[in-house]
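Residue numbers (full-length UniProt numbering): 1 to 143.
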């Protein structure tokens, strides 16, 4: 399975936030949508991901006033993105290497989706369940 196929099975829309919004606004948006990361946009182009980890780090550094800090002022962790044609194995390797739990899925400068480690784990568990069911059917047919 590739990244595009997994995104099609998710059917969730990507929640974004503008680079000039505050960290507090990002936290509220994540809470409202029950998600752990947002794609940050500048002029309709994805520029980074802001995650719960970024918010916690900002709170640890700046205290309560961190919520008023503009997202653009956060240190950039690099643009972690992947193409829709990439395999899930490639996505897992990139997540492991970069130590990120979320990847933007982009085609050129166009945002296609967001992929989380949880999405990949859920998919792997589904594949294992299917494999288990097939093996049980084969065993039952043989006995």
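Beta carbons are placed, not taken as given, at the ideal position from N, Cα and C, and that holds for glycine.
Nearest-angstrom beta carbon gap, residue j and residue i [assumed within contact, 8 Å]
i, j, result
"residue 69", "residue 23", "5 Å"
"residue 50", "residue 26", "5 Å"
"residue 144", "residue 14", "In the structure displayed, the chain extends from 1 to 143; residue 144 sits before or after that span and is not available."
"residue 7", "residue 123", "The Cβ separation is near 11 Å, so there is no contact."
Where residue i falls, given that 16 or more other Cβ within 10 Å makes a residue buried
i, result
"residue 73", "exposed"
"residue 75", "exposed"
"residue 116", "buried"
"residue 88", "buried"
"residue 54", "buried"
"residue 32", "exposed"
Segment limits, beta strand (DSSP E) that includes residue i
i, result
"residue 43", "Per DSSP, residue 43 belongs to no beta strand (DSSP E) and is neither H nor E."
"residue 171", "Lying before the first or after the last residue shown, residue 171 is absent from the chain, which here runs from 1 to 143."
"residue 12", "Where residue 12 is concerned, there is no enclosing beta strand (DSSP E), given that its DSSP letter is neither H nor E."
"residue 106", "102-107"
CB of residue i within 9 Å of CB of residue j, strictly
i, j, result
"residue 120", "residue 92", "yes"
"residue 19", "residue 56", "no"
"residue 71", "residue 40", "yes"
"residue 2", "residue 86", "yes"
"residue 81", "residue 101", "no"
Alpha-carbon to alpha-carbon, residue j and residue i
i, j, result
"residue 43", "residue 37", "19 Å"
"residue 104", "residue 97", "15 Å"
"residue 143", "residue 127", "25 Å"
N-terminal and C-terminal residue of the alpha helix (DSSP H) that residue i is part of
i, result
"residue 67", "Element bounds for residue 67: n/a, residue is neither H nor E."
"residue 57", "52-62"
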